[in-house]
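Undergrad:
Residue numbers (my numbering): 1083 to 1206.
1) In chain order, what residues of the same chain lie with their CB nearer than 8 Å to the CB of residue 1153, ignoring the 5 residues before and after it?
2) When the Cα atoms are used, what is the spatial distance from residue 1151 to residue 1182?
3) Look up residue 1149 in the DSSP assignment and say whether it is helix, strand or coil.
4) Where do the ends of the alpha helix (DSSP H) carrying residue 1114 lie?
5) Relative to the alpha-carbon of residue 1198, which residue among 1126, 1115 and 1162 has its alpha-carbon at the smallest distance?
6) At the level of alpha carbons, what is the spacing between residue 1101 and residue 1092?
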């Protein structure tokens, strides 16, 4: 069931910054009581899933508002090249993800912006 009015489908320009703040706070709290090797796979999985949502929202917003590909590419680049994204996907077992999620994560990891745009377009 797809709900186009859901929070994951609605575009918020500051969602990336808020998501960064959220995952940083989670890691800060985990670090107090848990060893990094025990929680890192979970925060990495959360972040790569968040990247999927963030990139998808940027792509849908650009398509719906006739934003040029060059501007969209800059927004996607901001997400895909952020150190949290790079580090989360560096060691993450992408091959264990479901096929669509794995292909999307591969696109994020290798900064294949047109592939991401194509995948989101196919899903719509």
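Backbone N, C-alpha and C define an ideal beta-carbon position, used for all residues, glycine too. Because the structure is a prediction, the values reported are computed rather than measured.
TA: So, from the listed chains and residues:
1) Along the chain shown, read from residue 1 onward, the residue named residue 1153 stands at position 71. Same-chain partners within the cutoff: 1144.
2) For the purposes of this step, residue 1151 is taken as residue 69 along the chain shown, with counting starting at 1. For the purposes of this step, residue 1182 is taken as residue 100 along the chain shown, with counting starting at 1. Approximately 23 Å, taken between the alpha carbons.
3) The residue you call residue 1149 lines up with position 67 of the chain shown. Note: residue 1149 maps to coil in three-state DSSP.
4) Numbered from 1 along the chain shown, position 32 holds the residue referred to as residue 1114. Counting along the chain, the alpha helix (DSSP H) containing residue 1114 begins and ends at 1097-1115.
5) Position 116 of the chain shown holds residue 1198. When each option's Cα is compared against that of residue 1198, the closest is 1162.
6) Residue 1101 sits at position 19 when you count from the first residue of the chain shown. Residue 1092 sits at position 10 when you count from the first residue of the chain shown. Taking the straight line joining both Cα atoms gives about 15 Å.
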